[in-house]
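Colleague: Quick note on the working numbering: the sequence shown kicks off at 11 and runs consecutively.
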Amino acid sequence: MSWIVRLQKSSLGSKYIMAITGAGLFLFLVGHIAGNLLLYFGFEAFNAYAYALQHLPYGLLWIARGGLLVMTIAHVYIAYRLSFHNRAARPQRYQYEATLQASFASRTMPYTGTVVLLFILFHLAHFTLHLVGYDGPYTDPVGRHDVYKMVVTSFQNPVYSLLYIVSMAVIGFHLSHGLSSMWQSLGLNHQKYNLFFRKVTPLIGWVVCIAAASIPLSVLIGIIK
Ligand code: HEM
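#1: With burial defined as no fewer than 16 other Cβ atoms inside 10 Å of the residue's Cβ, what is the status of arginine 103: buried or exposed?
#2: Would you check whether ligand 1 has a heavy atom nearer than 8 angstroms to the C-beta of histidine 65?
#3: Closer than 6 angstroms by C-beta to phenylalanine 183: which residues in its own chain qualify, once you throw out the five before and the five after it? Chain order, please.
#4: Does the Cβ-Cβ distance between glutamine 64 and histidine 155 come in under 9 angstroms?
#5: So what's threonine 211 in DSSP terms, helix, strand or just coil?
#6: Going by beta carbon distance, what residues of the same chain come within less than 8 angstroms of asparagine 167, once the five residues before and after it are set aside?
#7: Here's the rule I'm using: 16 or more other beta-carbon atoms within 10 Å means buried, otherwise exposed. How should phenylalanine 270 be labelled?
#8: According to DSSP, is threonine 149 helix, strand or coil?
#9: Is leucine 78 near ligand 1, judged by its Cβ being under 8 angstroms from some heavy atom?
#10: For tryptophan 193, count the other beta carbons within 10 Å of its own beta carbon; 16 or more makes it buried, fewer makes it exposed. Which is it?
#11: Could you tell me how far apart the beta carbons of serine 230 and phenylalanine 165 are, in whole angstroms, since I believe they sit closer than 8 angstroms?
#12: Sorry if obvious, but does the Cβ on methionine 160 come closer than 8 angstroms to a heavy atom of ligand 1?
#13: Starting from the Cα of isoleucine 43, find the closest Cα among Cys219, Gly232, Ser20 and give me that residue.
#14: With distances taken Cα to Cα, identify the nearest neighbour of isoleucine 214 among Leu185, Asn199, Ser224.
#15: Can you name the start and end residues of the alpha helix (DSSP H) that leucine 173 belongs to?
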C-alpha cells in the first residue's frame, strides 16, 4: 500500500491518478447514460434493464459501487489538493497571464467539479435513496420497482428537470477540459493524434451530456410520458 501513498504524493503520480480515475468515472457515465436512454423505448425496456442491474449476480453491483466510490474519493481528494497547491505556489504577478492563456473550462475546473460532486450527492438522494422528490413506492404491472415511473414523474416537475439540464451543462464543461487534459497527464501527447486528443474526446463528453439532458427535456415537453 505504501507505493500508493508515494504515488499520490508525487505530482506526476497525482496526475496519473486524476486521469485514470476520471477516465473510469467517465466510462461509468457513458454506460449509465446509454442505459438511461432506454427510457425512450418505454417502461418495459427500461424497467427490465433497471431490474437486471439491481439483481446482478456475485455481488457485482456492490463491487461496482465500491469501485465508483474509491474512484470518486481519489479524484476529488487529489483535485482539491492540487488546486490548493497551485493557488499557494502561483505568484500573484503571473495570475493575469495565466488567466489569459487558460480556457474558460480549465480555469473553472474546481468550481464545475464541485457542482458535479453536489449533483451526484443530490442525484443519489433523489433516485437511489429516495430522500427527495420521491412520491412512491412505484410498482410496475409485473411487480418490479417502477423506475420508469419514478424518473418520468420526477422530471414532469420543471424544478427537477431544469436542475438536471443545468447540471448536465456544467458536467459538459468539466468533461470537455478533463477529457482533453487526460491524455497529456498520461503522457500520450503525440502530434499525429492531437486532433483526437484535443478535439474529438471533449466532443464525446458533450455528446454524452447532451444525450443525458435530452431525457428531462423530453419528459418536460411530453416526448417521454
Ligand atoms: C438525466 C440524466 C440521468 C438520469 C435519468 C439518471 C437516472 C438514474 C437512476 C434512475 C438511478 C437509480 C437506478 C436504480 O436505483 O434502479 C441512477 C443512479 C445513479 N446515477 Fe444517474 N442518472 C442521470 C445522470 C447521472 C449523472 C450525470 C451521473 C454522474 C455524474 C449519475 C450517477 C449515478 C450514480 C452514481 C447512481 C447510483 C448507482 C447505484 O449505485 O445504484 N447519473 N441514475
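In this text, a Cβ means the ideal position worked out from N, Cα and C, and glycines have one as well.
Everything numeric in this text was worked out from a predicted model, so none of it was measured.
Modeller: Inspection of the coordinates gives the following:
#1: Because arginine 103 carries a pLDDT of 49, less than 50, the predicted location of this residue cannot be relied on, and the following value inherits that uncertainty. Label assigned to arginine 103: exposed.
#2: no
#3: Ala115, Thr122
#4: yes
#5: helix
#6: Gly143
#7: Here the chain comprises residues numbered 11 to 235, so residue 270 is not present and cannot be evaluated.
#8: strand
#9: yes
#10: buried
#11: Per the sequence shown, residue 230 should be read as leucine rather than serine. 6 angstroms between Cβ atoms; contact.
#12: yes
#13: Cys219
#14: Leu185
#15: 168–195
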